[in-house]
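Trainee: For the sequence shown, numbering that gives the first Met the number 0 gives the first residue as 0, with consecutive numbering after it.
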Amino acid sequence: MKPAAIDQCVEILRCPITGQTLSILTPDELAGINRLLEARAKLHRDGSPARTPLTAALGTPSRGEIYRIEESIVWLLSDLALVDAGAVQAAAITAERKVVQSFYDEYGWVKTDGGLFNDTAMFTDPRAFARDYVTCCNHRIGRELPGGRYLLDVASGPIPHAEYLGFSRHYDIRICVDFSIRALREARAKLGDNAGLYVLGDITKLPLASDAIDDVISLHTIYHVPRAEQTTAVNELVRVTKRGGRVVIVYVWGKSVAMHLYFGLRGTLGRIKRALQGNQPPMKPWQPDPSLPSLYFSPQDHDWFVRDIEARYPVRLKVWSAVSTAFLGRFFSDRGLGRLTLTTVKWLENRFPRLAGRYGQYPMFVIEKPAAR
Numbered sequence: 000m001k002p003a004a005i006d007q008c009v010e011i012l013r014c015p016i017t018g019q020t021l022s023i024l025t026p027d028e029l030a031g032i033n034r035l036l037e038a039r040a041k042l043h044r045d046g047s048p049a050r051t052p053l054t055a056a057l058g059t060p061s062r063g064e065i066y067r068i069e070e071s072i073v074w075l076l077s078d079l080a081l082v083d084a085g086a087v088q089a090a091a092i093t094a095e096r097k098v099v100q101s102f103y104d105e106y107g108w109v110k111t112d113g114g115l116f117n118d119t120a121m122f123t124d125p126r127a128f129a130r131d132y133v134t135c136c137n138h139r140i141g142r143e144l145p146g147g148r149y150l151l152d153v154a155s156g157p158i159p160h161a162e163y164l165g166f167s168r169h170y171d172i173r174i175c176v177d178f179s180i181r182a183l184r185e186a187r188a189k190l191g192d193n194a195g196l197y198v199l200g201d202i203t204k205l206p207l208a209s210d211a212i213d214d215v216i217s218l219h220t221i222y223h224v225p226r227a228e229q230t231t232a233v234n235e236l237v238r239v240t241k242r243g244g245r246v247v248i249v250y251v252w253g254k255s256v257a258m259h260l261y262f263g264l265r266g267t268l269g270r271i272k273r274a275l276q277g278n279q280p281p282m283k284p285w286q287p288d289p290s291l292p293s294l295y296f297s298p299q300d301h302d303w304f305v306r307d308i309e310a311r312y313p314v315r316l317k318v319w320s321a322v323s324t325a326f327l328g329r330f331f332s333d334r335g336l337g338r339l340t341l342t343t344v345k346w347l348e349n350r351f352p353r354l355a356g357r358y359g360q361y362p363m364f365v366i367e368k369p370a371a372r
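(1) Evaluate Phe296 with the Cβ neighbour count: other Cβ atoms within 10 Å of its Cβ, from every protein chain shown; 16 or more gives buried, anything less gives exposed.
(2) Taking the alpha carbon of Ala84 as the reference point, which residue from Val73, Trp74, Gly63 has its own alpha carbon closest?
(3) Would you call the CB atoms of Arg13 and Gln7 closer than 8 Å?
(4) Give a yes or no on whether the C-beta atoms belonging to Val239 and Leu199 are separated by under 8 Å.
(5) Just list the residues that DSSP pairs Leu199 with in beta bridges.
(6) Closer than 7 Å by C-beta to Glu378: which residues in its own chain qualify, once you throw out the five before and the five after it? Chain order, please.
(7) Would you mind reading off the limits of the alpha helix (DSSP H) that contains Ile212?
(8) Among the candidates Asp192, Ala40, Leu36, whose CA atom is the shortest distance from the CA of Thr51?
(9) In whole angstroms, what separates the C-alpha of Leu260 from that of Ser320?
(10) Roughly how many angstroms separate the alpha carbons of Pro145 and Gly46, rounded to a whole number?
(11) Measuring CB to CB, does Val251 end up less than 8 Å from Gln360?
(12) Can you give me the start and stop residues for the beta strand (DSSP E) that Ile308 sits inside?
(13) When you compare only the Cα positions, how much space is there between Val9 and Tyr132?
(14) If you count every other CB in all the chains shown that lies within 10 Å of the CB of Leu379, and 16 or more means buried, which is it?
(15) Measure the alpha-carbon distance for Asn33 versus Ala370 and round it to whole angstroms.
(16) By Cβ distance below 6 Å, which residues in the same chain neighbour Gly253 in space, the five residues on each side in sequence not counted?
(17) Helix, strand or coil for Tyr170, going by three-state DSSP, please let me know.
(18) Could you tell me which residues DSSP puts in a beta bridge with Gly147?
(19) Between Ala30, Leu29, Val344, Arg44, which lies nearest to Ile16 when the distance is taken from Cα to Cα?
(20) Using the beta-carbon count (16 or more within 10 Å), is Thr119 buried or exposed?
(21) In whole angstroms, give me the CA-to-CA distance for Thr231 and Thr203.
(22) Using the Cα positions of Leu106 and Arg181, report the straight-line distance between them to the nearest angstrom.
(23) Quick one: is Leu268 buried, meaning 16 or more other Cβ sit within 10 Å of its Cβ, or exposed?
(24) Between Val249 and chain D, is the shortest Cβ-Cβ distance under 8 Å, so that the two count as touching?
(25) Cβ of Glu348 within 8 Å of Cβ of Val318?
(26) Alpha carbons only, please: which of Val82, Ala310, Glu185, Asp210 is nearest the one belonging to Gly114?
(27) Here's a check: name, in chain order, each residue in its chain whose Cβ is nearer than 7 Å to the Cβ of Thr340, leaving out the five neighbours to either side.
(28) If you draw a straight line from the alpha carbon of Arg226 to that of Trp303, how long is it in whole angstroms?
(29) Going by DSSP in three states, Lys368 sits in which element: helix, strand or coil?
(30) Determine the contact status of Gly141 and Glu162, defining contact as a CB-CB distance below 8 Å.
(31) By the 10 Å Cβ neighbour count, where 16 or more other Cβ atoms means buried, how is His223 classified, buried or exposed?
(32) Using the Cβ count rule (16 or more neighbours within 10 Å means buried), how would you classify Gly58?
(33) Spatial neighbours of Gly387 within its chain, please: C-beta separation below 7 Å, excluding the five flanking residues on both sides.
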């Protein structure tokens with residue numbers, strides 16, 4: 000990152016271990032730290048050695064914690080803080096986090112021969128009308144973003160959809176935080192050094208000052224956080240948001256009432272129809288390849304939302320998409336009944352966004368952080 004760009008953001012960055020402010024190391028300080036790294040007198044906090052010298056870095060006031068800047072990405076994970084060898088601690092990364100990090104670094108954000116990210120190919124319906132529907136859903140996110148100086152995109156990934164780029168339109172700087180170094184490299188290639196700050200960080204311990212960010216988005220992320228820490232992740236998103244700002248979260252219910260009822264009814268009617276027609280096999284729906292790598296996934300239900308979010312914050316429950324990928328694959332098409340089903344679902348989502356969010360598959364939480372009195 001160009002020095003001028005990071006100078007604009009460094010005031011809001013914080014050490015994820017101590018919460019202290021950070022500042023850029025001088026050339027003399029870098030030279031001194033590199034000598035300590037070579038002598039193994041400084042190590043990553045998890046005990047691993049630094050593989051390459053520092054070319055740029057941030058440090059706490061005492062320089063007790065040093066964080067690498069490489070390829071314009073600021074490494075602000077606790078385990079990757081460079082500390083005195085005597086201050087090394089056991090790695091804090093959990094098994095669930097390791098699964099998510101490995102999935103995206105080694106597979107999810109690797110591109111296919113066709114230029115798609117594997118994650119996109121794995122979890123989205125490739126048909127043109129299905130992509131148009133998802134684009135419509137994504138525009139619902141953009142309409143919740145009024146603009147300001149900073150937009151924080153937590154678990155930004157590589158900004159995989161074209162409409163995601165548009166979320167930056169009314170902000171000076173987009174801060175992309177992700178657990179995957181590969182994702183941040185791809186995001187930087189799209190946004191550039193002047194429009195974005197790229198931070199290797201943890202959603203449950205965001206390396207940012209409180210009340211610093213105008214608006215925050217976290218899309219299809221929280222349900223990949225360890226179940227016991229999902230509320231902590233939401234609390235962190237709200238903590239860093241300015242008074243009067245918004246947090247927009249796209250989630251998925253562990254069980255969608257509408258999808259459960261529909262598939263149950265459809266299954267019953269299908270069995271009756273096949274019995275009457277001589278037990279003909281049903282049409283095979285589109286679905287992701289089951290041989291692809293697994294990914295940690297632990298969605299909760301509406302009771303969790305009521306207890307841990309609605310009871311704490313002013314929040315509007317809306318809809319991102321009322322239907323599951325399985326429903327989309329089976330019942331949406333670009334002709335006949337499938338087109339009618341798609342049109343009906345979109346109309347219901349737009350007309351009754353709260354009900355669609357409550358009983359559909361993918362809700363959108365819009366948290367309004369109360370303005371200071």
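Every residue gets a Cβ at the ideal spot worked out from N, C-alpha and C, and that includes glycine.
None of the values given here were measured: they were computed from a predicted structure.
Mentor: Put simply:
(1) Locating residue 296 in the sequence shown gives position 297, counting from the first residue. Classification of Phe296: exposed, given that the 10 Å Cβ count is below 16.
(2) In the sequence shown, the residue the question calls residue 84 occupies position 85. Of the listed residues, the one whose Cα sits closest to Ala84 is Gly63.
(3) In the sequence shown, residue 13 corresponds to position 14, counting from 1. In the sequence shown, residue 7 corresponds to position 8, counting from 1. Contact flag unset, no.
(4) Here residue 239 is taken as the residue at index 240 of the sequence shown, counted from 1. Here residue 199 is taken as the residue at index 200 of the sequence shown, counted from 1. Taking 8 Å as the Cβ cut-off, Val239 and Leu199 do not qualify as a contacting pair.
(5) Taking the sequence shown and counting its residues from 1, one reaches residue 199 at position 200. Trp74, Asp177.
(6) Residue 378 falls outside the range modelled here, since the chain spans only 0 to 372, and no answer is possible.
(7) Residue 212 sits at position 213 when you count from the first residue of the sequence shown. Where Ile212 is concerned, there is no enclosing alpha helix (DSSP H), although the beta strand (DSSP E) it sits in stretches over 212–218.
(8) For the purposes of this step, residue 51 is taken as residue 52 along the sequence shown, with counting starting at 1. For the residues Asp192, Ala40, Leu36, the minimum Cα distance to Thr51 belongs to Leu36.
(9) Counted from its first residue, the sequence shown places residue 260 at position 261. Counted from its first residue, the sequence shown places residue 320 at position 321. Cα to Cα, Leu260 sits roughly 17 Å from Ser320.
(10) Counting from 1 along the sequence shown, the entry for residue 145 is found at position 146. Counting from 1 along the sequence shown, the entry for residue 46 is found at position 47. Distance between the alpha carbons of Pro145 and Gly46 is about 43 Å.
(11) Residue numbering aside, residue 251 sits at position 252 when the sequence shown is read from its first letter. Residue numbering aside, residue 360 sits at position 361 when the sequence shown is read from its first letter. Contact: yes.
(12) Residue numbering aside, residue 308 sits at position 309 when the sequence shown is read from its first letter. Run containing Ile308: none; DSSP gives neither H nor E here.
(13) Within the sequence shown, residue 9 is the residue found at index 10, counting from 1. Within the sequence shown, residue 132 is the residue found at index 133, counting from 1. Going by the C-alpha atoms only, they are around 39 Å apart.
(14) The chain is shown from 0 up to 372; residue 379 falls before or after that span and cannot be answered.
(15) Counted from its first residue, the sequence shown places residue 33 at position 34. Counted from its first residue, the sequence shown places residue 370 at position 371. About 45 Å.
(16) Residue numbering aside, residue 253 sits at position 254 when the sequence shown is read from its first letter. Here the set comprises Pro298, Gln299, Asp300.
(17) Counted from its first residue, the sequence shown places residue 170 at position 171. In the structure shown, Tyr170 sits in a strand (DSSP, three-state: E or B).
(18) Counting from 1 along the sequence shown, the entry for residue 147 is found at position 148. DSSP lists Tyr170 as partners of Gly147.
(19) Position 17 of the sequence shown holds residue 16. Closest option to Ile16, Cα to Cα, is Arg44.
(20) Along the sequence shown, read from residue 1 onward, the residue named residue 119 stands at position 120. Classification for Thr119: buried.
(21) The count along the sequence shown starts at 1 and reaches residue 231 at position 232. The count along the sequence shown starts at 1 and reaches residue 203 at position 204. Rounded to the nearest angstrom, the two C-alpha atoms are 6 Å apart.
(22) For the purposes of this step, residue 106 is taken as the residue at position 107 of the sequence shown. For the purposes of this step, residue 181 is taken as the residue at position 182 of the sequence shown. The displayed chain sequence assigns Tyr, not Leu, to residue 106. So the two alpha carbons sit approximately 10 Å from each other.
(23) Position 269 of the sequence shown, counted from the start, is the residue given in the question as residue 268. Any answer about Leu268 is weak, because its pLDDT of 44 lies below 50 and its placement is not dependable; what the coordinates show is given next. Looking at its Cβ environment, which holds fewer than 16 other Cβ atoms inside 10 Å, Leu268 is exposed.
(24) Absent from the structure is chain D; it holds one protein chain and no more.
(25) By 1-based counting over the sequence shown, the position of residue 348 is 349. By 1-based counting over the sequence shown, the position of residue 318 is 319. Yes, the pair counts as a contact, with Cβ atoms nearer than the cut-off.
(26) Along the sequence shown, one-based indexing puts residue 114 at 115. Ranking the options by Cα distance to Gly114, first place goes to Glu185.
(27) For the purposes of this step, residue 340 is taken as residue 341 along the sequence shown, with counting starting at 1. Phe330, Phe331, listed in sequence order.
(28) For the purposes of this step, residue 226 is identified with residue 227 of the sequence shown, where counting begins at 1. For the purposes of this step, residue 303 is identified with residue 304 of the sequence shown, where counting begins at 1. Roughly 11 Å between the two C-alpha positions.
(29) If you number the sequence shown from 1, residue 368 lands on position 369. If DSSP states are grouped into helix, strand and coil, Lys368 belongs with coil.
(30) Against the sequence shown, residue 141 aligns to sequence position 142. Against the sequence shown, residue 162 aligns to sequence position 163. Yes; because the gap between Cβ atoms is below 8 Å, this pair is in contact.
(31) By 1-based counting over the sequence shown, the position of residue 223 is 224. Looking at its Cβ environment, which holds 16 or more other Cβ atoms inside 10 Å, His223 is buried.
(32) Taking the first residue of the sequence shown as position 1, residue 58 is located at position 59. Result: buried.
(33) An answer regarding residue 387 cannot be provided, because it is not within the stretch 0 to 372 covered by the chain.
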